[in-house]
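Numbering (this note's numbering), first residue to last: 2 to 182.
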């Protein structure tokens, strides 16, 4: 008798998750290949498509696993902004930030990454602004997340010398000053 369909591929799925988490943390999203994830996991890299759909969707799943289901703090909280900035620094221009400024080419990855962006970054800010009684809390949250995503992506673009040379702490401090927190 075989295991249930949900558990049948669990060992390879778990191995891929562990390998992807390690590699995304060590090398960043762009510098990690599907092949490397498969090699580190000790399984055929084609299983990424079977279990997750794509590298971008695997990344979204890694994010979910790292953060669990707890509601994150909003970006105007210094600790949360620093966490997001440090993650972007370690992993480079990840899908969660990219989707804020440019659609991903794969529709499924676009939808999942957009949903994660809204759940992890936009919704907590929208809720904060609504609690504070601010006008148009949704628009305010969208603008803030888009601005932070743009700044964090711009650090890797080579277009802004001072931004690229600044420390994460300097970037976080400047963003918080700009947004009055």
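All C-beta atoms in this analysis are idealised placements derived from N, C-alpha and C, irrespective of residue type, glycine included. Please read all numbers here as calculations on a predicted model, not as lab measurements.
According to DSSP, is residue 103 part of a helix, a strand, or is it coil?
coil
Using C-beta distances below 7 Å, list every residue in its chain close to residue 101, excluding the 5 sequence neighbours before and after it, in chain order.
118, 146, 147 and 150
Let me confirm a value: residue 94 is counted as buried when at least 16 other C-beta atoms fall within 10 Å, else exposed. Which label applies?
buried
Pick from 48, 51 and 61 that is closest to residue 204, judged by C-alpha positions
There is no way to answer for residue 204, as the model of the chain reaches only from 2 to 182.
With a 10 Å radius around its C-beta and 16 neighbouring C-beta atoms as the bar for buried, classify residue 58 as buried or exposed.
buried
According to DSSP, is residue 125 part of a helix, a strand, or is it coil?
helix
Inter-residue spacing [alpha-carbon to alpha-carbon] between residue 6 and residue 49:
Model confidence at residue 6 stands at a pLDDT of 43, short of 50, so the residue's coordinates are unreliable and nothing is read from them.
Since residue 77 contacts residue 140 with CB under 8 Å, what's their CB separation in whole angstroms?
That belief does not hold up - the Cβ atoms of residue 77 and residue 140 are roughly 15 Å apart, past 8 Å.
Is residue 172 near residue 83, with beta carbons less than 7 Å apart?
no
When the Cα atoms are used, what is the spatial distance from residue 123 to residue 143?
6 Å
Using the Cα positions of residue 169 and residue 86, report the straight-line distance between them to the nearest angstrom.
6 Å
Let me know if residue 96 comes out buried or exposed under the rule of 16 or more other beta-carbons within 10 Å of its beta-carbon.
buried
Identify the continuous alpha helix (DSSP H) that holds residue 156 and give its terminal residues.
No alpha helix (DSSP H) contains residue 156, which DSSP labels as neither H nor E.
Could you give the distance in angstroms between the alpha-carbon of residue 162 and the alpha-carbon of residue 175?
15 Å
Relative to the C-alpha of residue 107, which residue among 178, 55 and 29 is closest?
55
Give the secondary structure of residue 37 by DSSP, where H, G and I count as helix, E and B as strand, and everything else as coil.
helix
Suppose you measure from the CA of residue 138 to the CA of residue 81; what does that come to, to the nearest Å?
19 Å
From 31, 18 and 26, pick the residue whose C-alpha is nearest to that of residue 43; which is it?
18
Quick one: residues in its chain with C-beta nearer than 8 Å to the C-beta of residue 91, no 5 flanking neighbours on either side, listed in chain order?
26 and 29
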